[in-house]
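In this note's numbering, the protein residues as written are 184 to 408.
To start, the structure itself, in structure tokens.
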Ligand code: DX5
Ligand code: ZN
């Protein structure tokens, strides 16, 4: 089975203390840090940009999983590469085959990885299905983009399952990353439906012991009692 990975989303922490958020992820032995970049246009919130990612990069070697909820990916891709992002995930809603290809070339040229995200109401477009083998992570959002602390819509489990099946049937190695409302009590279900990277904002940072919460999520996802 594909290895389960836990990706704490720092958006759920005090944004004035992102250093603290990174330290928690490192201490809890997370696999990657999920950095939510929102431009106030693609989704109704504004978070941080490449300058912040660059500052955080100095703190750790942990993989930076940058979720770019922005309307103009091509305008900013180089800036996030320069900042030290490892996985750069863009939304299918603002792309087509040609712009995806352009982003992929720029990212590949720097030895980094590209991901594709879809909102709860978005089906994977045909151009994306044709390019699945080039995608390192398919991010299935289980809440509407913008904020941490929302509840996962359980009605999205069949969608998660069909997207996971599609990736497997095509023999692709893309991670299936689930983003939105992941908590210990739904982590196993998410894995059963094909998710292998679990993003968790409130599921880590809103807990009384966030460091321990990372391990708890992992255990639950792996099926430990
Ligand atoms: C929402 C972000 C998510 C969010 C997850 O727009 O993409 O990554 O921070 O937070 P939780 O796990 O609290 O739903
Ligand atoms: Zn996210």
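Backbone N, C-alpha and C define an ideal beta-carbon position, used for all residues, glycine too.
Note that the coordinates shown come from a computational prediction; the quantities given were computed from them, not determined experimentally.
Distance between residue j and residue i (C-alpha atoms, nearest Å)
{"i": "residue 299", "j": "residue 350", "result": "13 Å"}
{"i": "residue 240", "j": "residue 218", "result": "11 Å"}
{"i": "residue 405", "j": "residue 337", "result": "19 Å"}
{"i": "residue 225", "j": "residue 278", "result": "12 Å"}
{"i": "residue 207", "j": "residue 233", "result": "21 Å"}
{"i": "residue 327", "j": "residue 303", "result": "6 Å"}
{"i": "residue 266", "j": "residue 284", "result": "21 Å"}
{"i": "residue 235", "j": "residue 375", "result": "35 Å"}
{"i": "residue 201", "j": "residue 256", "result": "24 Å"}
{"i": "residue 372", "j": "residue 342", "result": "13 Å"}
{"i": "residue 416", "j": "residue 367", "result": "Only positions 184 to 408 of the chain appear in the structure, and residue 416 is not among them; the question remains open."}
{"i": "residue 211", "j": "residue 378", "result": "21 Å"}
{"i": "residue 339", "j": "residue 322", "result": "13 Å"}
{"i": "residue 243", "j": "residue 293", "result": "19 Å"}
{"i": "residue 355", "j": "residue 403", "result": "26 Å"}
{"i": "residue 308", "j": "residue 348", "result": "16 Å"}
{"i": "residue 380", "j": "residue 357", "result": "10 Å"}
{"i": "residue 359", "j": "residue 199", "result": "30 Å"}
{"i": "residue 301", "j": "residue 311", "result": "11 Å"}
{"i": "residue 156", "j": "residue 387", "result": "Look at the range of the chain in this structure, 184 to 408, and you will see that residue 156 is not part of it."}
{"i": "residue 315", "j": "residue 205", "result": "31 Å"}
{"i": "residue 305", "j": "residue 369", "result": "22 Å"}
{"i": "residue 345", "j": "residue 353", "result": "12 Å"}
{"i": "residue 258", "j": "residue 231", "result": "16 Å"}
{"i": "residue 282", "j": "residue 407", "result": "42 Å"}
{"i": "residue 395", "j": "residue 274", "result": "31 Å"}
Other residues of its chain near residue i: CB distance less than 8 Å, five sequence neighbours each side excluded
{"i": "residue 229", "result": "221, 222 and 223"}
{"i": "residue 270", "result": "215, 246, 247, 248, 249, 295, 296, 297, 298, 319 and 320"}
{"i": "residue 203", "result": "196 and 197"}
{"i": "residue 237", "result": "265, 266 and 267"}
{"i": "residue 392", "result": "none"}
{"i": "residue 291", "result": "297"}
{"i": "residue 313", "result": "280"}
Beta-bridge partners of residue i, as assigned by DSSP
{"i": "residue 296", "result": "270"}
{"i": "residue 252", "result": "221"}
{"i": "residue 188", "result": "380"}
{"i": "residue 321", "result": "299 and 359"}
{"i": "residue 180", "result": "This structure cannot settle anything about residue 180, because the visible part of the chain is limited to 184 through 408."}
{"i": "residue 207", "result": "DSSP, once it has assigned bridges, lists no residue as partnering residue 207."}
{"i": "residue 229", "result": "222"}
Residues of its chain near residue i, where Cβ-Cβ distance is below 7 Å and the 5 sequence neighbours each way are ignored
{"i": "residue 227", "result": "329"}
{"i": "residue 331", "result": "192, 194, 195, 384 and 385"}
{"i": "residue 287", "result": "297 and 317"}
{"i": "residue 363", "result": "324, 325, 326, 333 and 335"}
{"i": "residue 254", "result": "222, 224, 225 and 277"}
{"i": "residue 382", "result": "190, 192, 217, 360, 361, 362 and 365"}
{"i": "residue 185", "result": "379"}
Nonlocal neighbours in the same chain, by C-beta distance under 6 Å from residue i, ignoring five residues either side
{"i": "residue 213", "result": "189, 191 and 397"}
{"i": "residue 289", "result": "260"}
{"i": "residue 399", "result": "367"}
9 Å Cβ cutoff, residue i in contact with chain C
{"i": "residue 315", "result": "Absent from the structure: chain C. Only one protein chain is present."}
**Q.** Closer than 5 Å: residues whose CB approaches a heavy atom of the ligand ZN
**A.** Those residues placing their Cβ nearer than 5 Å to any heavy atom of the ligand ZN are, following chain order, 219, 250 and 362.
(Q) As an exercise, report each continuous beta strand (DSSP E) stretch of at least 3 residues that is fully enclosed by the stretch 380-407, in chain order. (A) Runs found: 380-383.
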